[in-house]
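Asker: Top line first, the protein sequences correspond to chains C and Y. Numbering of the first sequence is given in my numbering, commencing with residue 1 and proceeding in unit increments. Numbering of the second sequence is given in my numbering, commencing with residue 197 and proceeding in unit increments. First the structure, then my questions, so here it is.
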Amino acid sequence: MVELPSDPLQCPLPDGAVPESVVVRTEEHWVAIMVMMLTVMMVIMVVTSLVGALHPASNVEVIDSRTLHLKGEFVESNLGTALEPDGSVTVRLIAQQYDFVPRCVVVPADRPVKFRLTSDDVVHGFLLPETNVNTMVVPGFVSEVRTRFARTGDYLMPCHEYCGLGHQAMWARVSVVSWDHFAGQSLLERTRCATQ
Amino acid sequence: MQHSRRLALLHFWVAFGLFLPAVVEGAWQMLMRSPLPAPLRYPSMYYASVTLHGTVMAYVVTTFFAMGFGYAIAETSLGRPLRGSVAAWICFVICITGSVMAVATILAGKASVLYTFYPPLLASAWYYLGVFLLIGGSMIWVVVMNVNMIGWKRDNPGRPVPLAMFAITATADLWAWAASGVLLELICILIPRAFGWSDLIDAALGRTLFSVTLHAIVYFWLMPAYIALYTLLPQATGGRLYSDTMARLTFIMFLTFSVPVGLHHLLMDPEHGSGFKFLQSFLTFLVVLPTLVTVLSISASAEIAGRHRGGRGLLGWIPALPWREPMVLASGLMLVMLGLGGFGGIINMSYAMNSMIHNTSWVTAHFHLIFGGATVIMYFAIAYEMWPRLTGKPLSSKRLACWQLWLWFWGMLITTIPWHIAGLMGQPRRVAIFDYSMPFVARMASLVIISVIGGLVLVASAILMVAVLVRSHLGESSLTEPLRYALAVNPPREVPSSLNGFALWNTILLVLMLVAYGYPIAQFFLLKSHSVPAIEVTRRSIFNGTQ
Numbered sequence: 001m002v003e004l005p006s007d008p009l010q011c012p013l014p015d016g017a018v019p020e021s022v023v024v025r026t027e028e029h030w031v032a033i034m035v036m037m038l039t040v041m042m043v044i045m046v047v048t049s050l051v052g053a054l055h056p057a058s059n060v061e062v063i064d065s066r067t068l069h070l071k072g073e074f075v076e077s078n079l080g081t082a083l084e085p086d087g088s089v090t091v092r093l094i095a096q097q098y099d100f101v102p103r104c105v106v107v108p109a110d111r112p113v114k115f116r117l118t119s120d121d122v123v124h125g126f127l128l129p130e131t132n133v134n135t136m137v138v139p140g141f142v143s144e145v146r147t148r149f150a151r152t153g154d155y156l157m158p159c160h161e162y163c164g165l166g167h168q169a170m171w172a173r174v175s176v177v178s179w180d181h182f183a184g185q186s187l188l189e190r191t192r193c194a195t196q
Numbered sequence: 197m198q199h200s201r202r203l204a205l206l207h208f209w210v211a212f213g214l215f216l217p218a219v220v221e222g223a224w225q226m227l228m229r230s231p232l233p234a235p236l237r238y239p240s241m242y243y244a245s246v247t248l249h250g251t252v253m254a255y256v257v258t259t260f261f262a263m264g265f266g267y268a269i270a271e272t273s274l275g276r277p278l279r280g281s282v283a284a285w286i287c288f289v290i291c292i293t294g295s296v297m298a299v300a301t302i303l304a305g306k307a308s309v310l311y312t313f314y315p316p317l318l319a320s321a322w323y324y325l326g327v328f329l330l331i332g333g334s335m336i337w338v339v340v341m342n343v344n345m346i347g348w349k350r351d352n353p354g355r356p357v358p359l360a361m362f363a364i365t366a367t368a369d370l371w372a373w374a375a376s377g378v379l380l381e382l383i384c385i386l387i388p389r390a391f392g393w394s395d396l397i398d399a400a401l402g403r404t405l406f407s408v409t410l411h412a413i414v415y416f417w418l419m420p421a422y423i424a425l426y427t428l429l430p431q432a433t434g435g436r437l438y439s440d441t442m443a444r445l446t447f448i449m450f451l452t453f454s455v456p457v458g459l460h461h462l463l464m465d466p467e468h469g470s471g472f473k474f475l476q477s478f479l480t481f482l483v484v485l486p487t488l489v490t491v492l493s494i495s496a497s498a499e500i501a502g503r504h505r506g507g508r509g510l511l512g513w514i515p516a517l518p519w520r521e522p523m524v525l526a527s528g529l530m531l532v533m534l535g536l537g538g539f540g541g542i543i544n545m546s547y548a549m550n551s552m553i554h555n556t557s558w559v560t561a562h563f564h565l566i567f568g569g570a571t572v573i574m575y576f577a578i579a580y581e582m583w584p585r586l587t588g589k590p591l592s593s594k595r596l597a598c599w600q601l602w603l604w605f606w607g608m609l610i611t612t613i614p615w616h617i618a619g620l621m622g623q624p625r626r627v628a629i630f631d632y633s634m635p636f637v638a639r640m641a642s643l644v645i646i647s648v649i650g651g652l653v654l655v656a657s658a659i660l661m662v663a664v665l666v667r668s669h670l671g672e673s674s675l676t677e678p679l680r681y682a683l684a685v686n687p688p689r690e691v692p693s694s695l696n697g698f699a700l701w702n703t704i705l706l707v708l709m710l711v712a713y714g715y716p717i718a719q720f721f722l723l724k725s726h727s728v729p730a731i732e733v734t735r736r737s738i739f740n741g742t743q
């Protein structure tokens, strides 16, 4: 084989095997294709963000994590589900090693729901699987997430950020019930999931 | 290569020597999360192990690999001895000291904060100091690379810097930019608190500084793989590089675009407003460009070679390529994994879509495919290419090397495809054990078991890789061809100074960083009272829910 001039490894490609003009033309075509691909992706990103009205928690609201229990909206008596005058619902939760307080909350379906969370120790994460309700919970800040549940049912609520050696035990629950069921519940039932 | 042989070889051995145990750890961690029985099934050991796996893979293996590769490139591509080899040895000693400190502290159970630190969790000061020595020490390497490139330019005025040297210097500069975030976080926040010099911790500022590192570091890992694609692969196929200009632009774009985008790792964080999240999400799309350029350049280079070897027709050049060459095989497999992983990445960086999968197993799957798969498989190929040049002994078996690459490829796919699906189902990351009696968790059991099988395949592949390297190292010496880097089909006679150095691009990057990160960092000095007490990771009982 060695003697054969057609053996490619014995006969390296000469300079200019592909003319410069061909290289330049191919590159121009490729740049056009790339720009189109990027444009499509950027349009998808903008459309899903704006039309879908999906807004990750970006409220930049500070809070003193050392006095949560003493004053302000995160005192213990104010945690859980609260019905607002306009018919929407606000859920206040504290994430702490290794639990959410309260561990279970009830919210109505087909109503605007606003989650407000903060942490009294380290960074935690808040996720309702198979929904786009997802936020980090950073001590010193309040995370606010708005959503609306179309179906009734239970959502598990794992902490999705490493928060210490007991992280794996940090699971809580959100129970979505019909509006009629919700309206018939007492304040305590709503925050404690007394049905279970 | 005469002078830097031992230096480069030692760096590679540190990298691959630590790589193997870290792969075994990864497999054990997957076993622990599965419904199968696992030895040592303690959550605290799991978190220590995740910290070790991350620290070793993300900081130690990659940094040592890039440094060793850099020294080898500087000497072989410039064709003269490395300048600053004393500094390089000092750098090695500092980085090894830092690595040992960090690893020992983790093994002692005093640093289970994961490699991403997560303040206000607090580890032992020795861990932070170790990581600081490793990353800070590697800045000496950054300087050595720049000194070598600039010195060669001064001695060869008007000539284009060899592409491999140009690219590794871009890698070094990128690493300096990337490392700035984590180094600042360590010096200003974590080390002072760990030694008790400060009281409160600014957790949100720490997260923001780390985000500067968190995305660019991935490109630092990836760049050696791209250097191999551009400068070693065309040579291995028997062809030529398609375009020198496109190659230079690729490395310039990686340097310029991959740093001012880190905020997309904080899209779900409450401490940043939507404006800057959106801006950096947008900038992130620009990082797709160099990868797309690479896909064209590499395919076109391979096509030249394939047709030269007798491939005909639209796609006939593909089977004509020498697939038994480890470098060629690895590159093909790499592009498949890069394609799959890149698709997932576009979802991660999208401002809104990310909320579906943030911090689920989807993300773990994504970066294992991009880094553990696409990048690391090229590290293997580079090692197989470099070993004969560094040891003076031929590779013991190309066939075994190719087997090893196939095993790694399939292992990575079997591991990460189930992770992607489990992530979409809502499986959270970084959880030590799951309660498979919960219906939500039980649905994922079979996916998790499949991924464990993938993990075992990866372990087998990693053992095979080290075995091939050790056998080659112990083999008989023989004459080996010197390392040659691919030349473009139309080799550049001269290139504009903007494509022959980084002053302009570093300046542009500085402006981009001020725009992208100026306010997001400055805001923490304007906001009132958001610093929080640090929580020592070992302080609280695991089973106690309240204080």
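Even glycine gets a Cβ: it sits at the ideal position worked out from N, Cα and C.
In the DSSP assignment, what are the bridge partners of C:A172?
Answerer: On the first sequence, position 172 is the one that residue 172 of chain C refers to. Answer by DSSP bridge pairing, in chain order: C:M157.
Asker: Roughly how many angstroms separate the alpha carbons of Y:I331 and C:W179, rounded to a whole number?
Answerer: As a first step, residue 331 of chain Y must be located in the second sequence, where it is residue number 135. As a first step, residue 179 of chain C must be located in the first sequence, where it is residue number 179. Each residue's Cα considered, the two are about 56 Å apart.
Asker: Under 8 Å between C-beta atoms, does C:A109 make it to chain Y?
Answerer: Position 109 of the first sequence, counting from 1, holds the residue named residue 109 of chain C. No, because no Cβ of chain Y sits closer than 8 Å to the Cβ of C:A109.
Asker: So what's Y:L232 in DSSP terms, helix, strand or just coil?
Answerer: Translated into positions along the second sequence, residue 232 of chain Y becomes position 36. If DSSP states are grouped into helix, strand and coil, Y:L232 belongs with coil.
Asker: In terms of alpha-carbon separation, which member of Y:T409, Y:L529, Y:L428 and Y:L601 lies closest to Y:V653?
Answerer: One-based indexing of the second sequence puts residue 653 of chain Y at position 457. Closest option to Y:V653, Cα to Cα, is Y:L601.
Asker: Just mark Y:F362 as buried or exposed, buried being the case when its beta carbon has 16 or more other beta carbons within 10 Å.
Answerer: Reading the second sequence from its first residue, position 166 is the one you call residue 362 of chain Y. With 16 or more other Cβ atoms within 10 Å, it is buried.
Asker: In angstroms, rounded to a whole number, what distance separates the CA positions of C:D15 and Y:A684?
Answerer: As a first step, residue 15 of chain C must be located in the first sequence, where it is residue number 15. As a first step, residue 684 of chain Y must be located in the second sequence, where it is residue number 488. C:D15 and Y:A684: Cα-Cα distance of roughly 8 Å.
Asker: What does the Cβ neighbour count give for C:H29, buried or exposed, with the cut at 16 atoms within 10 Å?
Answerer: Indexing the first sequence from 1 puts residue 29 of chain C at position 29. With fewer than 16 Cβ atoms within 10 Å of its Cβ, C:H29 is classed as exposed.
Asker: Restricting to Cα atoms, I'd like to know which of Y:L428, Y:A234, Y:A254 and Y:S592 is closest to Y:F563.
Answerer: Along the second sequence, read from residue 1 onward, the residue named residue 563 of chain Y stands at position 367. Comparing Cα-Cα distances from Y:F563 to each of Y:L428, Y:A234, Y:A254 and Y:S592, the minimum goes to Y:A254.
Asker: Could you work out which residues of chain C lie near Y:Y324, taking near to mean beta carbons separated by less than 9 Å?
Answerer: In the second sequence, the residue the question calls residue 324 of chain Y occupies position 128. Under the 9 Å cutoff, chain C gives no residues; its nearest Cβ is about 17 Å from Y:Y324.
Asker: Could you check which residue in Y:A319, Y:M335 and Y:G569 has the C-alpha nearest to that of Y:G651?
Answerer: On the second sequence, residue 651 of chain Y is found 455 positions in, with the first residue counted as 1. Minimum Cα distance to Y:G651 is reached at Y:G569.
Asker: Go to C:H124, then tell me how far its beta strand (DSSP E) extends in each direction, as first and last residue.
Answerer: Mapped onto the first sequence, residue 124 of chain C falls at position 124. H124 to L127 is the span of the beta strand (DSSP E), which, as asked, contains C:H124.
Asker: Could you name each continuous alpha helix (DSSP H) segment of 4 residues or more that falls completely within the stretch 429 to 455 of chain Y, going from the start of the chain to the end?
Answerer: For the stretch 429 to 455 of chain Y, whole alpha helix (DSSP H) runs of length 4 or above, ordered along the chain, are 429 to 433 and 440 to 453.
Asker: Kindly confirm or deny that the stretch 464 to 472 of chain Y and the stretch 703 to 720 of chain Y touch, where touching means at least three C-beta pairs closer than 8 Å.
Answerer: The answer is yes - the stretch 703 to 720 of chain Y touches the stretch 464 to 472 of chain Y, with three or more Cβ pairs under 8 Å.
Asker: Specify the secondary structure class of C:E61 as computed by DSSP and reduced to three states.
Answerer: Residue 61 of chain C sits at position 61 when you count from the first residue of the first sequence. Strand.
Asker: Give the DSSP-derived three-state secondary structure of C:F197 in the structure shown.
Answerer: Nothing about residue 197 of chain C can be read from this structure; chain C reaches only from 1 to 196.
Asker: Should C:G16 be flagged as near chain Y, meaning a C-beta pair shorter than 8 Å?
Answerer: Stepping through the first sequence from its first residue, residue 16 of chain C is reached at position 16. Cβ-Cβ to chain Y under 8 Å: yes for C:G16.
Asker: Quick check on C:N78: does DSSP put it in helix, strand or coil?
Answerer: Locating residue 78 of chain C in the first sequence gives position 78, where the first residue counts as 1. C:N78 falls in the helix class under three-state DSSP.
Asker: Residues of chain Y with CB closer than 8 Å to the CB of C:E76, please, in chain order.
Answerer: Locating residue 76 of chain C in the first sequence gives position 76, where the first residue counts as 1. None at all; the shortest Cβ gap to chain Y is about 12 Å.
Asker: May I have the straight-line CA-CA distance separating Y:R503 from Y:A443, to the nearest angstrom?
Answerer: For the purposes of this step, residue 503 of chain Y is taken as the residue at position 307 of the second sequence. For the purposes of this step, residue 443 of chain Y is taken as the residue at position 247 of the second sequence. Approximately 21 Å, taken between the alpha carbons.
Asker: Under a CB-based cut-off of 8 Å, is Y:V728 close to chain C?
Answerer: Within the second sequence, residue 728 of chain Y is the residue found at index 532, counting from 1. Output row for Y:V728: interface = yes.
Asker: Do you know how far the Cα of Y:P486 is from the Cα of Y:A656?
Answerer: Translated into positions along the second sequence, residue 656 of chain Y becomes position 460. Translated into positions along the second sequence, residue 486 of chain Y becomes position 290. Computed Cα separation, rounded: 33 Å.
Asker: Since C:A57 meets chain Y, which of its residues come closer than 8 Å, beta carbon to beta carbon?
Answerer: Taking the first residue of the first sequence as 1, we reach residue 57 of chain C at position 57. Those within 8 Å of C:A57 in chain Y are M464, D465 and P466.
Asker: Just by C-beta distance, which residues in the stretch 138 to 157 of chain C are closer than 7 Å to chain Y?
Answerer: Answer set for the stretch 138 to 157 of chain C: V138, P139, G140, F141, V142, S143 and L156.
Asker: At what residues does the beta strand (DSSP E) containing C:T135 begin and finish?
Answerer: For this step, residue 135 of chain C is matched to residue 135 along the first sequence. Looking at the DSSP string, the run of the beta strand (DSSP E) that includes C:T135 is N134 to V137.
Asker: Determine the direct distance from the alpha carbon of Y:V408 to that of Y:L206, and round the result to whole angstroms.
Answerer: Reading the second sequence from its first residue, position 10 is the one you call residue 206 of chain Y. Reading the second sequence from its first residue, position 212 is the one you call residue 408 of chain Y. Rounded to whole angstroms, Y:L206 to Y:V408 spans 30 Å at the Cα level.
Asker: Is it the case that the CB of C:G87 approaches a heavy atom of the ligand PLP more closely than 7 Å?
Answerer: You won't find the ligand PLP in this model; it holds no ligand whatsoever.
Asker: Rounded to the nearest angstrom, what separates Y:P688 and C:E20 at their Cα positions?
Answerer: Here residue 688 of chain Y corresponds to residue number 492 of the second sequence, with the count starting at 1. Here residue 20 of chain C corresponds to residue number 20 of the first sequence, with the count starting at 1. Between Y:P688 and C:E20, the C-alpha separation is close to 11 Å.
Asker: Express the C-alpha separation of Y:F453 and Y:L700 in angstroms, rounding to a whole number.
Answerer: As a first step, residue 700 of chain Y must be located in the second sequence, where it is residue number 504. As a first step, residue 453 of chain Y must be located in the second sequence, where it is residue number 257. In a straight line, the C-alpha of Y:L700 is about 14 Å away from that of Y:F453.
Asker: Y:R505 by DSSP, collapsed to three states: which one?
Answerer: In the second sequence, counting from the first residue as 1, residue 505 of chain Y sits at position 309. Residue state, collapsed to three classes: coil.
Asker: Identify the continuous beta strand (DSSP E) that holds C:K114 and give its terminal residues.
Answerer: In the first sequence, the residue the question calls residue 114 of chain C occupies position 114. Taken as a continuous stretch (DSSP letters only), the beta strand (DSSP E) holding C:K114 covers P112 to S119.
Asker: Give a yes or no on whether the minimum CB-CB distance between Y:V733 and chain C is below 8 Å.
Answerer: Mapped onto the second sequence, residue 733 of chain Y falls at position 537. It does: the Cβ of Y:V733 has a partner Cβ on chain C nearer than 8 Å.
Asker: Quick check: is the beta carbon of Y:I500 nearer than 8 Å to any beta carbon in chain C?
Answerer: Numbered from 1 along the second sequence, position 304 holds the residue referred to as residue 500 of chain Y. Output row for Y:I500: interface = yes.
Asker: Going by beta-carbon coordinates alone, are Y:F567 and Y:V455 separated by less than 8 Å?
Answerer: Here residue 567 of chain Y corresponds to residue number 371 of the second sequence, with the count starting at 1. Here residue 455 of chain Y corresponds to residue number 259 of the second sequence, with the count starting at 1. No, these two residues do not count as a Cβ contact at 8 Å.
Asker: For the 8 Å Cβ check, are there 3 or more pairs between the stretch 532 to 547 of chain Y and the stretch 506 to 522 of chain Y?
Answerer: Judged by Cβ distances under 8 Å, the stretch 532 to 547 of chain Y makes no contact with the stretch 506 to 522 of chain Y, as fewer than three pairs qualify.
Asker: State buried or exposed for Y:P614, treating a residue as buried only when at least 16 other CB atoms are found within 10 Å of its CB.
Answerer: Indexing the second sequence from 1 puts residue 614 of chain Y at position 418. Label assigned to Y:P614: buried.
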